[in-house]
Amino acid sequence: MILSYCRFILASLCLSFFLASSLAFADEAALEQRIVRLERTLASQRLVEMLRRIEALQQDVQQMRGEQEELNHNVEGIKKRQRDLYLDIDQRLLALEQSGGAAADANNAATNNKRNEGNTATTTDNRKELSEYQNAFEILKARRYDDAIIAFKSYVERYPGGKYAANAKYWLGEANYVTRRFPVAIEELNKVLNDHPESKKVQDALLKIGFSYYELQQWPEARASLQRLVDAYPSSTAAKLAGKRISQMDADGR
16 MILSYCRFIL ASLCLSFFLA SSLAFADEAA LEQRIVRLER TLASQRLVEM
66 LRRIEALQQD VQQMRGEQEE LNHNVEGIKK RQRDLYLDID QRLLALEQSG
116 GAAADANNAA TNNKRNEGNT ATTTDNRKEL SEYQNAFEIL KARRYDDAII
166 AFKSYVERYP GGKYAANAKY WLGEANYVTR RFPVAIEELN KVLNDHPESK
216 KVQDALLKIG FSYYELQQWP EARASLQRLV DAYPSSTAAK LAGKRISQMD
266 ADGR
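Take the sequence shown: its position 21, counting from 1, is numbered 36 in the numbering used here, and each next residue is one higher.
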């Protein structure tokens, strides 16, 4: 009897231990499942946050690209207005010279109807020279840059010491600059500096030489040309543009 009772107690204890162990294992498994679910949730949240950040970065990049495109457009507009201004100034000077020449011819005709052949030949040559320069100039105004280069080269070859030689050489450089032939532009513009040091086109030539070196990413040469312009013509419009480009180079660490 006592033995049977002991066996019953032992069996009860074993059953209790088994049930407790089962419950413990069940609780542990449930806990592990909860941890797994929690980790998955956290991973999903991190992924969502990462995707959100990537999307925000993409939007920032797109905005920056848009701003860069707008800036490039504005810069090109400024360059175009600058070229148009220079063209307009040259055209006005030509018109003044033509009107002055016509008035002089009229006065000469009124006071002296007899001209010698030498004067007639000189007048004819001057008009022919002006006509060739004007023709090249009109081609440039029409933005036919390759044709303008040919026309200005023809003028310079025919009239190397002509009245408009400095201007023609400058516009040769400008036309090559616009078409992004920067080494050629520098070569042509240097002819203005070397052949016509007293010309009013020297300051514009220095500016475009500096800009050409800038486009070629030759920073020391660009800075040297622009600084030379600022030092030599501090109050000129070209010098102000050069100063702005120098400041930009300073800001960019160039």
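Each residue gets a CB set at the ideal place from its N, CA and C atoms; glycine is no exception.
> Contact between the region 143-158 and the region 170-179: three or more CB pairs below 8 Å?
Replying inline: Output reads yes: the region 170-179 touches the region 143-158.
>> Can you tell me whether L53 is buried or exposed? The criterion is at least 16 other CB atoms within 10 Å of its CB, across all chains shown.
In response: By the neighbour-count rule (16 or more Cβ atoms within 10 Å), L53 is not buried but exposed.
> What's the C-alpha gap between V207 and L231?
Replying inline: About 20 Å.
> For L187 versus I201, is the C-beta distance shorter than 8 Å?
Replying inline: Contact flag unset, no.
> Do N182 and K223 have their CB atoms nearer than 8 Å?
Replying inline: No, Cβ-Cβ distance for N182 and K223 is not below 8 Å.
> Just checking my contact of L1 with R243 at CB under 8 Å: how many whole Å lie between their CB atoms?
Replying inline: The requested residue 1 is not part of the displayed model; the chain covers only 16 to 269.
> Nearest CA to the CA of Y179: which residue from Q233, A151, R260, M264?
Replying inline: Considering only alpha carbons, the answer is A151.
> Looking at the structure shown, is K184 part of a helix, part of a strand, or coil, going by DSSP?
Replying inline: Of the three classes helix, strand and coil, the one that applies to K184 here is helix, per DSSP.
> Between the C-alpha atoms of L219 and A253, what's the straight-line distance to the nearest angstrom?
Replying inline: Checking the sequence, you will find Asp at residue 219 rather than Leu. Roughly 6 Å separates the two Cα atoms.
> Would DSSP call Y248 helix, strand or coil?
Replying inline: Collapsing the DSSP output to three states places Y248 in coil.
>> Quick check: the Cα distance between G268 and D246, rounded to an integer number of angstroms?
In response: Going by the C-alpha atoms only, they are around 22 Å apart.
>> Since E236 and Y228 should fall inside the 8 Å C-beta cutoff, what is the C-beta to C-beta distance between them, to a whole number of angstroms?
In response: Going by Cβ atoms, the distance from E236 to Y228 rounds to 4 Å, so yes, they are a contact pair.
> Can you tell me the Cα-Cα spacing of L108 and Q149, whole angstroms?
Replying inline: Summary for L108: the model assigns pLDDT 48, below 50, so the residue's position carries little reliability, and this model does not support an answer.
> Using the beta-carbon count (16 or more within 10 Å), is K259 buried or exposed?
Replying inline: With fewer than 16 other Cβ atoms within 10 Å, it is exposed.
> Assuming G225 contacts A257 under a Cβ cut-off of 8 Å, what Cβ separation, rounded to an integer in Å, is found between them?
Replying inline: Between the beta-carbon of G225 and that of A257 there is about 6 Å, and that keeps the pair under the 8 Å contact cut.
>> Excluding the 5 residues flanking L111 on each side, which residues of the same chain have their C-beta closer than 7 Å to its C-beta?
In response: Because the pLDDT of L111 is 45, which lies under 50, any placement of that residue in the model is unreliable, and the number read from its coordinates should be weighed accordingly. Once the five neighbours on either side are set aside, L111 has no close Cβ partner at all.
>> On the DSSP letters alone, give me the boundaries of the alpha helix (DSSP H) that D219 sits inside.
In response: Note, D219: alpha helix (DSSP H), 217-230.
> Using the rule of at least 16 other Cβ atoms within 10 Å of the residue's Cβ for burial, across every protein chain shown, is S262 buried or exposed?
Replying inline: By the beta-carbon neighbour count (other beta carbons within 10 angstroms, threshold 16), S262 is exposed.
>> My assumption, with CB atoms under 8 Å, is that K184 sits in contact with E153. Please give the rounded CB distance.
In response: Not quite, the Cβ-Cβ distance comes to about 18 Å (not below 8 Å), so this is no contact.
>> Alpha carbons only, please: which of R49, R55, G176 is nearest the one belonging to S214?
In response: Closest by alpha carbon: G176.
>> DSSP three-state label for T194, please.
In response: Shown here, T194 sits in coil according to DSSP, grouped into three states, outside any helix or strand.
> Thinking just about the alpha-carbon of each residue, which of W234, S240, Y174, Q233 is nearest to the one in N205?
Replying inline: N205 has its Cα closest to that of S240, out of W234, S240, Y174, Q233.
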